[in-house]
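Chemist: Protein sequence lines correspond, in order, to chains A and B.
Per our numbering, the first sequence starts with residue 30, numbered consecutively.
Per our numbering, the second sequence starts with residue 350, numbered consecutively.
Note that the Cβ used here is the ideal one computed from N, Cα and C, for glycine as well.
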Amino acid sequence: MPALRDLQSDMLATLFGQGDGALAASAILAAGIPPDERLDIHRNNVVITLTESLAAVFPTVKGLVGDDFFAAAARAFIHGDPPRGGCLIDYGAGFAAFLAAFEPARGLPYLADVAWLDWAWHESFHAADARPLGPADLNRIDPMALTRARLHLLPSARLLSFSCPAAAIRAFVRAGGTGTAPDPGAGPSRALVIRPDMAVEVRDLSAPAFALLNALVAGQTLDRALEAASAADGNTPDPAALLADLIVGQVFAGVDLTEGTSP
Amino acid sequence: MSPFSSASIPPREGVGLKPRHYDRVLADGPDLGWFEVHTENYMGDGGPPHRYLTAIRERYPLSLHGVGLSLGSAEAPDARHLARIRALVDRYEPGLVSEHLSWSIAGGTFSNDLLPLPYTEETLAVVARNIDIAQDALGRTLLVENPSTYLQFADSTIPEPDYLAELARRTGCGILLDVNNLYVCAMNHGFDPIPPLDALAAGPVGEIHLAGHALRRHRGQEIRIDDHGSPVIDPVWALYERVLARTGPVPTLIEWDTDVPEFHVLLDQAEQARRRLANAKGRGHASAA
Chain A
30 MPALRDLQSD
40 MLATLFGQGD
50 GALAASAILA
60 AGIPPDERLD
70 IHRNNVVITL
80 TESLAAVFPT
90 VKGLVGDDFF
100 AAAARAFIHG
110 DPPRGGCLID
120 YGAGFAAFLA
130 AFEPARGLPY
140 LADVAWLDWA
150 WHESFHAADA
160 RPLGPADLNR
170 IDPMALTRAR
180 LHLLPSARLL
190 SFSCPAAAIR
200 AFVRAGGTGT
210 APDPGAGPSR
220 ALVIRPDMAV
230 EVRDLSAPAF
240 ALLNALVAGQ
250 TLDRALEAAS
260 AADGNTPDPA
270 ALLADLIVGQ
280 VFAGVDLTEG
290 TSP
Chain B
350 MSPFSSASIP
360 PREGVGLKPR
370 HYDRVLADGP
380 DLGWFEVHTE
390 NYMGDGGPPH
400 RYLTAIRERY
410 PLSLHGVGLS
420 LGSAEAPDAR
430 HLARIRALVD
440 RYEPGLVSEH
450 LSWSIAGGTF
460 SNDLLPLPYT
470 EETLAVVARN
480 IDIAQDALGR
490 TLLVENPSTY
500 LQFADSTIPE
510 PDYLAELARR
520 TGCGILLDVN
530 NLYVCAMNHG
540 FDPIPPLDAL
550 AAGPVGEIHL
560 AGHALRRHRG
570 QEIRIDDHGS
580 PVIDPVWALY
590 ERVLARTGPV
600 PTLIEWDTDV
610 PEFHVLLDQA
620 EQARRRLANA
630 KGRGHASAA
């Protein structure tokens, strides 16, 4: 009998497609079914249950490519990047980057962007809850102090920029493929994934709104973030109006009025 | 001051809580003794899972059933995982906290499968050490569940009931008896489930699991897979009645994790457990307490 550590190391490796599990097989009773075929039951369990976990987190990716393609992609991902802990809520962070380099998906350049969006949705769903600031909260702050403040987004906020209309593709797939299909070649887009209460929302962002929020996430003060919004698009009508829209949209969780230089 | 009423799990029927049934449970307030959840499904920071679980915990006792701790690993339990369980224990004040007599992790990689252990003195010492570590970290006594297995190790020397009883003796842990798992093992490995059922120490049994399983064929040989995707079968109900005669009423869970049906199907299964629990009143160690 091999030592437990060696047995488990050999068995785990073969469950993820590494090695033939000969050491584990040598310790297993045959009894009607050969040891390697008994290990197959677990090889299948591992891939099937982890594929189901990924399918639940990446429903748009699965909807786009279908069951068989998804299963093949998931299997390759699972074997190369297995879970590193016992909580599957954490599993799948690397799937979008994997898909970007997955040779059979080369003809689907939008697939990785959609996977990033699915992952952001999943993160937002499980993120810490926080009460969004409303206009009344911000109206109490001296306007001059506010311009030098740092606004914190909700813990559920995820900012994303894509080379395709990923949010429109997601909406189309999630609606069951009805309506007019978005053109994957329509060019770049930006999205904010956020959960002001219990429902996750995916919102399109203009280039100035994205620049503003991106600057705030980077720790810039509000005046610097508003400058970034203006610089993002020469035709920006009014960055202050943009900010007002975001406040009404329940994007912010807190204001840091401590004076300090922007990083 | 706790926001929750009673924490302790009554010796009644409960069901595994599934997201598709959240609204139904809150709207109907079914007459069940308690609910159980998979601990790892609530390891996120916030969002709907916690909103619902809090609302349901305000109305029912709760049991936390883990699937990711890997008590049977040669390596010690993951401290970060233990800290996340501890946070849930502190937050929800569960009446019971349970895990499996199996392993899932080697070298830090998690298989998401409850893999079998050789039952040897070496592994007994490892599992007892890991239970000690976990119970210290959680500040709670664990219940440890007998697994469904599809393979056996040639060098297993300790019968499973003895192995579980010895774990209980060394660590103070309790036993979560999964009657379906015992039946699945008996069929897969060709033994009569009654002797090991009768041999199991009744005292440490703090909870019973009941579930359905799938029957597959592998090159002409039947193999039973513990998929929790169908009703409890009659032979498992019979084993359940048999053990209740010794233990008296014990908190009993209906598990249904794949192809989860309408809630009334789970209630019907729970009702069948309730009748048997009522018949067991006055029997076994529970009546002496």
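#1: Find the nearest neighbour of residue 527 of chain B within the set B/521, B/542 and B/372, judged by alpha-carbon distance.
#2: Once DSSP output is grouped into helix, strand and coil, what is the label at residue 573 of chain B?
#3: Going by DSSP in three states, residue 71 of chain A sits in which element: helix, strand or coil?
#4: How is residue 495 of chain B classed by DSSP in three states: helix, strand or coil?
#5: Mapping the DSSP letters down to three states, classify residue 565 of chain B as helix, strand or coil.
#6: Rounding to the nearest angstrom, what Cα-Cα distance links residue 433 of chain B and residue 392 of chain B in this structure?
#7: When burial is assigned at 16 or more other CB atoms within 10 Å of the CB, is residue 554 of chain B buried or exposed?
#8: Looking at the unbroken beta strand (DSSP E) that takes in residue 364 of chain B, where does it start and where does it end?
#9: What is the rounded straight-line gap between the Cα of residue 505 of chain B and the Cα of residue 489 of chain B?
#10: Indicate the three-state DSSP secondary structure (helix, strand or coil) for residue 603 of chain B in the structure shown.
#11: What is the DSSP secondary structure of residue 264 of chain A, counted as helix, strand or coil?
#12: Per the DSSP calculation, residue 557 of chain B is bridged to which residue(s)?
#13: Is residue 67 of chain A buried or exposed, if buried means 16 or more other CB atoms sit within 10 Å of its CB?
#14: Going along the chain, which residues of its own chain have a beta-carbon closer than 8 Å to the beta-carbon of residue 485 of chain B, five neighbours each way excluded?
#15: Among the candidates B/605, B/453 and B/421, whose CA atom is the shortest distance from the CA of residue 474 of chain B?
#16: Counting Cβ pairs, one atom from each stretch, are 3 or more of them under 8 Å apart for the segment 232 to 241 of chain A and the segment 148 to 158 of chain A?
#17: Indicate the three-state DSSP secondary structure (helix, strand or coil) for residue 416 of chain B in the structure shown.
#18: When the Cβ atoms of the segment 543 to 553 of chain B are set against those of the segment 510 to 526 of chain B, are three or more pairs found closer than 8 Å?
#19: Rank B/384, B/476, B/458 and B/377 by C-alpha distance to the C-alpha of residue 465 of chain B and give the top, closest one.
#20: Is residue 478 of chain B helix, strand or coil by DSSP?
#21: By DSSP's criteria, residue 232 of chain A is part of a beta bridge. Which residues make up the other side?
#22: With distances taken from CA atoms, which of B/628, B/561 and B/445 is nearest residue 606 of chain B?
#23: Among B/513, B/556 and B/458, which has the Cα closest to the Cα of residue 472 of chain B?
#24: Using a Cβ-Cβ distance under 8 Å, would residue 38 of chain A count as near chain B?
#25: If we define contact as Cβ-Cβ less than 8 Å, is residue 536 of chain B a contact residue for chain A?
#26: Secondary structure at residue 614 of chain B, three-state DSSP: helix, strand or coil?
#27: Whose Cβ in chain A lies nearer than 8 Å to the Cβ of residue 499 of chain B?
#28: Assign residue 449 of chain B to buried or exposed, taking buried as 16 or more other Cβ atoms, counted over all protein chains shown, within 10 Å of its Cβ.
#29: Would you mind telling me which residues of chain A sit closer than 7 Å to residue 400 of chain B, beta carbon to beta carbon, in chain order?
#30: Should the segment 528 to 542 of chain B be regarded as contacting the segment 559 to 573 of chain B, the criterion being three or more beta carbon pairs within less than 8 Å?
#31: Of all Cβ atoms in chain B, is any one closer than 8 Å to the Cβ of residue 291 of chain A?
#32: Between A/41, A/144, A/78 and A/177, which has its C-alpha nearest residue 248 of chain A's C-alpha?
#33: Rank A/144, A/181, A/118 and A/51 by C-alpha distance to the C-alpha of residue 394 of chain B and give the top, closest one.
#34: Return no unless some Cβ of chain A is closer than 8 Å to the Cβ of residue 439 of chain B.
#35: Looking at chain B, is there any beta carbon in it that lies within less than 8 Å of the beta carbon of residue 33 of chain A?
#36: Taking only the alpha-carbon atoms, compute the straight-line gap between residue 30 of chain A and residue 469 of chain B and give it to the nearest angstrom.
Modeler: Concretely, from the data shown:
#1: B/542
#2: strand
#3: helix
#4: coil
#5: The three-state secondary structure of residue 565 of chain B, taken from DSSP, is strand.
#6: 7 Å
#7: buried
#8: 362 to 365
#9: 30 Å
#10: strand
#11: coil
#12: B/526 and B/601, per the DSSP bridge assignment.
#13: buried
#14: none
#15: B/421
#16: no
#17: coil
#18: yes
#19: B/476
#20: helix
#21: A/221
#22: That would be B/561, whose Cα lies nearest to the Cα of residue 606 of chain B.
#23: B/513
#24: yes
#25: no
#26: helix
#27: 67, 70 and 71
#28: buried
#29: 227
#30: yes
#31: With a pLDDT of 46 at residue 291 of chain A, under the threshold of 50, the modelled position of that residue is not reliable, and no figure is offered here.
#32: A/177
#33: For residue 394 of chain B, the closest C-alpha among the options A/144, A/181, A/118 and A/51 is that of A/118.
#34: no
#35: It does: the Cβ of residue 33 of chain A has a partner Cβ on chain B nearer than 8 Å.
#36: For residue 30 of chain A and residue 469 of chain B, the distance between alpha carbons rounds to 10 Å.
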